[in-house]
Amino acid sequence: MRVFLDNCIKHVSVQRMLPHWKSKGVSHSTTPKECDVQLSLVKVSNWSGLPLALRLDGIYYDLNDDYTSRNARISEAHSKADAVIYQSLFCMGMCEAFLAPKRRSAKEHIIYNGADPHWCGTGEINDKCSVVCSARWRRHKRLEETIDVFTHFNQWHKSRYDEDAVLHVFGDTVNNVLPNKNNIVFHGHVDYEYMRPYYRSADMCLHLSKRDCCPNAVVEAITAGVPTITTAACGGAAELCAMTPWCHVSQYEEYPVHFDPYAYYVDDYNVMRFETVLDLVDVMKSAVLFPIKPITIPLAVRSDYMAQKYTEVFEELL
Amino acid sequence: MRFILYFDQLYRHWAPVLLGSIRLYEPNAKVTCFCYNMDKSQIAEVVDAGADIVYQSHIEPLNGEEVRFHIISRKASMILQVLQETDDGLYVMMDVDMLLLRPLTVLKEVMWHFDMGAVTAHREKFCGGFYAFRCTTMSIAFLTQWEMFLTTGKLYWDKDQPSMASIANKLIREEDFRVLSLPRTFLDHKSLAHSFVWSAHKSELGSKAERFNIYSSMLEKMKSDARAAV
Numbered sequence: 000m001r002v003f004l005d006n007c008i009k010h011v012s013v014q015r016m017l018p019h020w021k022s023k024g025v026s027h028s029t030t031p032k033e034c035d036v037q038l039s040l041v042k043v044s045n046w047s048g049l050p051l052a053l054r055l056d057g058i059y060y061d062l063n064d065d066y067t068s069r070n071a072r073i074s075e076a077h078s079k080a081d082a083v084i085y086q087s088l089f090c091m092g093m094c095e096a097f098l099a100p101k102r103r104s105a106k107e108h109i110i111y112n113g114a115d116p117h118w119c120g121t122g123e124i125n126d127k128c129s130v131v132c133s134a135r136w137r138r139h140k141r142l143e144e145t146i147d148v149f150t151h152f153n154q155w156h157k158s159r160y161d162e163d164a165v166l167h168v169f170g171d172t173v174n175n176v177l178p179n180k181n182n183i184v185f186h187g188h189v190d191y192e193y194m195r196p197y198y199r200s201a202d203m204c205l206h207l208s209k210r211d212c213c214p215n216a217v218v219e220a221i222t223a224g225v226p227t228i229t230t231a232a233c234g235g236a237a238e239l240c241a242m243t244p245w246c247h248v249s250q251y252e253e254y255p256v257h258f259d260p261y262a263y264y265v266d267d268y269n270v271m272r273f274e275t276v277l278d279l280v281d282v283m284k285s286a287v288l289f290p291i292k293p294i295t296i297p298l299a300v301r302s303d304y305m306a307q308k309y310t311e312v313f314e315e316l317l
Numbered sequence: 000m001r002f003i004l005y006f007d008q009l010y011r012h013w014a015p016v017l018l019g020s021i022r023l024y025e026p027n028a029k030v031t032c033f034c035y036n037m038d039k040s041q042i043a044e045v046v047d048a049g050a051d052i053v054y055q056s057h058i059e060p061l062n063g064e065e066v067r068f069h070i071i072s073r074k075a076s077m078i079l080q081v082l083q084e085t086d087d088g089l090y091v092m093m094d095v096d097m098l099l100l101r102p103l104t105v106l107k108e109v110m111w112h113f114d115m116g117a118v119t120a121h122r123e124k125f126c127g128g129f130y131a132f133r134c135t136t137m138s139i140a141f142l143t144q145w146e147m148f149l150t151t152g153k154l155y156w157d158k159d160q161p162s163m164a165s166i167a168n169k170l171i172r173e174e175d176f177r178v179l180s181l182p183r184t185f186l187d188h189k190s191l192a193h194s195f196v197w198s199a200h201k202s203e204l205g206s207k208a209e210r211f212n213i214y215s216s217m218l219e220k221m222k223s224d225a226r227a228a229v
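Taken in sequence, the protein lines are chains F and U. Taking numbering that gives the first Met the number 0 as reference, the numbering of the first sequence is continuous, increasing by one, and the terminal residue is 317. Taking numbering that gives the first Met the number 0 as reference, the numbering of the second sequence is continuous, increasing by one, and the terminal residue is 229.
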């Protein structure tokens, strides 16, 4: 089987599948010639006429962008695709609430993003308690809330162990005032090579972003064996953590009931109740007092499983 | 995949409508029905509508309690019994006054990674009416604890939803219980375009009789749409 990768050859989740496809005899091309099936991400750049599998990552919502017309392109692809792959149940809910309700085909699947369980290697134990978080930090990614939770946790940590825990923040920060503290380290946008040692030695990952459909930050943390903490309001991250016994989903925030793009920019939507902060801090304390060694990585977040499931979707279209 | 339905003679007329929608969208699924206080001809109607296993029993409360409270208290027992007697991968328990609106393909895919799926109302309560289970060690452990709560001593007819959440939250925290929170839009009382299940539990569409008529005509429309698509 040969797959035409329409607009996604550089996408990290697709890149992670390529070696597994190769081992299964699935080849790929960036042109439709001699291909059997097309994979497009989010929208279709080239309507080749091949059976089309469309992977959706949610909808556009950036107010600085013309999100209405961008969503119209997604809507067109969504309605014409022969099969749609959603990244999570949350992703499916969001897309179906906003995109054209009528679809040409009833074929729909949920396949989570995957990563290689060995991506960050082994060894190198950090003697300091270390918390990681990663995102392209916009309001709904909740950097302020992440720092607030960490600060409350660190008060306990310092009183008990007489030293500070460290928060490593990865990713670009947009419109955020960064606190100048020794134990909160802003690394900015970095590549995986740089992140490896931090994930290898992290005690936990804190992910509080509210609209991610299937955040790679969480997939990477789980596949690195890092206990990840999120809340029920955090969309795909909550699904990923709920399926992973050594991760935690705080139920002190509720599942989002609407997906209005404007809501992501409103403080009321993003602000965290104090009882949620306390619950998260309790879980972080437990992670330090009773550290859990992950035994198995859930299949759903492994890149080999992801590649297998995509192959099954392609075969269904042939 | 197997559906588990439960109802008494007062709700039996809803069963053919729900079973019709199950046959339409999940034609390969099997259905177990627990029928309470129904006679032979009424049971025969349920079998004709497409149920492949039917259990029947009679409930005669002594203290003037309503039959429905006794039925609700048996929810966990019913699921446990079916999990232990059949081998169908995924089990879905639904209230009978519901309608399946589309295939459950994605639920089947996602549930493979979880022990239980339910719509969460809030931290202390699951929405009743729709639960999905896989037959795993943890789901059996959960159902056993829930059954003990519901069937021991006092009749906990109004505590099935909070007790479910409380036991599940304890097992999530202390054991390896994996629970999928289904979106609130999954189960809807207004039949949203992207809902999977339409539930008659709220009165916005009129009286229960009016809702039944709407459901029946909706099923006919879904059937004719399906025929047109073919």
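Note that the Cβ used here is the ideal one computed from N, Cα and C, for glycine as well.
Sequence-distant residues of its chain with Cβ nearer than 7 Å to residue i (five each side left out)
i	result
arginine 183(U)	Val118
isoleucine 109(F)	Tyr85, Ser87, Leu88 and Met91
serine 215(U)	Val16
leucine 204(U)	Arg210 and Ile213
serine 78(F)	Ala99, Lys101, Arg102 and Arg103
arginine 101(U)	Tyr24 and Phe195
Host beta strand (DSSP E) of residue i (start-end)
i	result
threonine 230(F)	227 to 230
isoleucine 213(U)	Careful: isoleucine 213(U) lies outside any beta strand (DSSP E), inside the alpha helix (DSSP H) at 207 to 228.
tyrosine 5(U)	1 to 7
tryptophan 197(U)	196 to 198
leucine 51(F)	51 to 55
leucine 336(F)	A query on residue 336(F) cannot be resolved here, the shown segment of chain F reaching from 0 to 317 and no further.
glycine 187(F)	183 to 187
cysteine 233(F)	Run containing cysteine 233(F): none; DSSP gives neither H nor E here.
arginine 11(U)	Premise fails: arginine 11(U) is in no beta strand (DSSP E) and is neither H nor E.
leucine 317(F)	It is not in any beta strand (DSSP E) - leucine 317(F) carries neither H nor E in the DSSP assignment.
Own chain residues within Cβ distance below 6 Å of residue i, not counting five before or after
i	result
histidine 27(F)	Val2 and Leu4
methionine 92(U)	Ile3, Ile78 and Tyr130
histidine 247(F)	Ile228 and Val282
phenylalanine 97(F)	Ile58
histidine 167(F)	Val131, Val184 and Tyr197
glycine 224(F)	Pro293
histidine 186(F)	Phe169
Cβ-heavy atom distance, residue i to the ligand SAH, below 7 Å
i	result
aspartate 7(U)	Annotation note on the ligand SAH: not contained in the displayed structure, which lists no ligands.
Bounding residues of the alpha helix (DSSP H) (the contiguous stretch that carries residue i)
i	result
alanine 220(F)	215 to 222
methionine 203(F)	Premise fails: methionine 203(F) lies in the beta strand (DSSP E), 203 to 205, not in any alpha helix (DSSP H).
glutamate 75(F)	66 to 79
arginine 159(F)	142 to 160
leucine 106(U)	104 to 110
tyrosine 191(F)	191 to 199
leucine 166(F)	First-last for leucine 166(F): 165 to 169, but that is the beta strand (DSSP E), not the alpha helix (DSSP H).
arginine 172(U)	159 to 173
Cβ neighbour criterion (16 or more within 10 Å) applied to residue i
i	result
proline 297(F)	buried
isoleucine 291(F)	exposed
serine 133(F)	buried
phenylalanine 125(U)	buried
glycine 235(F)	buried
glycine 111(U)	Here the sequence assigns tryptophan to residue 111(U), which means glycine is not the residue at that position. Exposed is the call here.
threonine 295(F)	exposed
phenylalanine 163(U)	The amino acid at residue 163(U) is misidentified as phenylalanine; the sequence shows methionine. Buried, because 16 or more other Cβ atoms sit within 10 Å of the Cβ of methionine 163(U).
phenylalanine 289(F)	exposed
valine 109(U)	buried
glutamine 8(U)	exposed
aspartate 65(F)	exposed
proline 214(F)	buried
Which of helix, strand or coil DSSP assigns to residue i
i	result
leucine 98(U)	strand
threonine 151(U)	coil
tyrosine 90(U)	strand
leucine 212(F)	The amino acid occupying residue 212(F) in the given sequence is cysteine; leucine does not appear at that position. Looking at cysteine 212(F) - three-state DSSP - the assignment turns out to be coil, as it is neither helix nor strand.
histidine 10(F)	coil
threonine 184(U)	helix
cysteine 94(F)	helix
serine 44(F)	coil
arginine 135(F)	coil
alanine 318(F)	Chain F is shown from 0 up to 317; residue 318(F) falls before or after that span and cannot be answered.
isoleucine 21(U)	helix
serine 202(U)	helix
Residues of its chain near residue i, where Cβ-Cβ distance is below 8 Å and the 5 sequence neighbours each way are ignored
i	result
threonine 150(U)	Ser72, Arg73, Ala75 and Ser76
serine 20(U)	Leu98, Leu99, Leu100, Leu218 and Met221
Practice item. Output the residue ranges of the beta strand (DSSP E) runs that lie fully inside the region 23 to 83 of chain U and measure 3 residues or longer, sorted by chain position. Key: Segments of the beta strand (DSSP E) lying fully in the region 23 to 83 of chain U: 29 to 35 and 52 to 56.
Exercise for review: Kindly provide the ranges of any alpha helix (DSSP H) runs that are 4 or more residues long and lie completely inside the region 244 to 313 of chain F, ordered along the chain.
Suggested key: With a minimum length of 4 residues, the continuous alpha helix (DSSP H) runs that stay inside the region 244 to 313 of chain F are 266 to 269 and 273 to 288.
Practice item. Just list the beta strand (DSSP E) runs in the region 118 to 146 of chain U, keeping only unbroken ones of 3 residues or longer that don't cross its boundaries, in chain order. Key: Counting only runs of 3 or more, we get 124 to 133.
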